[in-house]
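Residue numbers (this note's numbering): 76 to 356. First the structure, in the form of structure tokens, and then the observations on it.
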Ligand SMILES: NC(=O)c1ccc[n+]([C@@H]2O[C@H](COP(=O)([O-])OP(=O)(O)OC[C@H]3O[C@@H](n4cnc5c(N)ncnc54)[C@H](OP(=O)(O)O)[C@@H]3O)[C@@H](O)[C@H]2O)c1
């Protein structure tokens with residue numbers, strides 16, 4: 076059997092000790108790994124970018140509107156001794172992905188002296204809440220384009236630009252497990268992302284590419300017009316149904332994603348990892 080494609084490229088046994096030492100692609104390759112985080116200008120994506128850099132990865136963040144915030148994230152990573160860059164991308168416009176791929180290729184060559192990334196984190200997204208009776212086609216399409224269609228086709232487009240042995244982390248939501256009024260479209264699309272993730276894991280295993288979902292609970296970011304961060308009442312309600320007794324903050328999530336982009340997570344594949352402090356358990 077050839078294990079090379081599963082990231083396991085050499086093994087030898089210290090027979091006297093009865094220990095198997097395994098050398099992995101990452102250990103044999105001194106080059107820094109590169110992670111691309113969509114929506115890395117603020118909120119969860121920003122924390123993911125910073126935590127990935129802390130773990131020694133180079134980082135490319137994308138932003139849609141907040142270019143200064145994205146530049147600040149890059150500066151913070153560079154101040155810490157890492158390498159980073161920011162690119163503009165609207166993940167809801169599939170027709171722009173060819174242009175984005177071209178820009179990414181250029182940046183990888185010019186700034187990182189390489190041709191491929193190792194990890195893709197599909198994080199970008201905005202909120203939208205309406206009861207089923209009030210959902211319109213345009214409301215549906217707006218969320219659909221960003222939260223599922225964009226995730227699907229951006230991943231497809233970037234797969235040729237990914238090294239074997241890397242990984243994909245898709246950001247879902249606690250709302251695929253528990254239901255809250257007004258989130259039928261958003262939560263259904265996140266459920267689609269979770270299913271897509273399992274298919275990615277299944278189809279990309281031969282390349283040693285892992286695919287996992289991280290599902291945050293309710294987190295106090297700008298998301299959904301900062302409705303949780305700006306409402307004490309909502310915060311109390313979330314605290315009351317969360318085992319750890321508080322709503323989440325961005326710093327609760329980035330480290331989970333960063334872990335999935337390390338060798339320590341090399342056997343974690345096709346999983347949905349919820350980070351919600353034990354919401355509605
Ligand atoms: N906050 C929560 O309670 C929560 C819970 C579960 C899951 N999530 C998920 O976590 C992810 C990040 O949410 P967040 O809380 O960090 O939100 P946030 O603070 O509002 O940040 C959203 C990020 O996504 C980018 N973005 C939004 N729409 C985009 C688009 N169409 N194309 C490209 N980039 C876009 C924004 O870019 P700009 O800064 O340039 O505008 C920003 O970087 C989302 O997928 C969300 O569904 C959030």
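Ideal Cβ positions, reconstructed from N, Cα and C, are used throughout, including at glycine.
A straight line joining the alpha-carbon of residue 111 with that of residue 179 spans about 10 Å. Taking the Cβ of residue 141 as the reference point, at least one heavy atom of ligand 1 falls within a distance shorter than 7 Å. In the DSSP assignment, residue 278 falls outside any beta strand (DSSP E) and lies within the alpha helix (DSSP H) extending over 259-279. In the displayed model, residue 322 falls within coil according to three-state DSSP, outside both helix and strand. Here the distance from the Cβ of residue 144 to the nearest heavy atom of ligand 1 is below 7 Å. Contact annotation: residue 262 and residue 296 have beta-carbon atoms that are not nearer than 8 Å. Straight through space, the alpha carbons of residue 133 and residue 239 are spaced by roughly 17 Å. Among the bridge pairs identified by DSSP, residue 160 is matched with 135. Excluding residues up to 5 positions away in sequence, 128 lie with their Cβ nearer than 6 Å to the Cβ of residue 157 in the same chain. The beta carbon of residue 353 is closer than 7 Å to those of 317, 318 and 319 in its chain, skipping five residues each way along the sequence. Under the Cβ criterion (8 Å, minimum of three pairs), the region 325-338 does not count as touching the region 144-151. For residue 294, no alpha helix (DSSP H) segment is defined, and its DSSP state is neither H nor E. With a cut-off of 7 Å, the C-beta of residue 194 is classified as distant from ligand 1, since no heavy atom of the ligand falls inside that distance.
Within the chosen limit of 7 Å, ligand 1 does not reach the beta carbon of residue 186 with any heavy atom. Here residue 247 is buried. Its C-beta has 16 or more other C-beta atoms within 10 Å.
Ranked by Cα distance from residue 166, the options 229, 109, 176 and 125 are led by 229.
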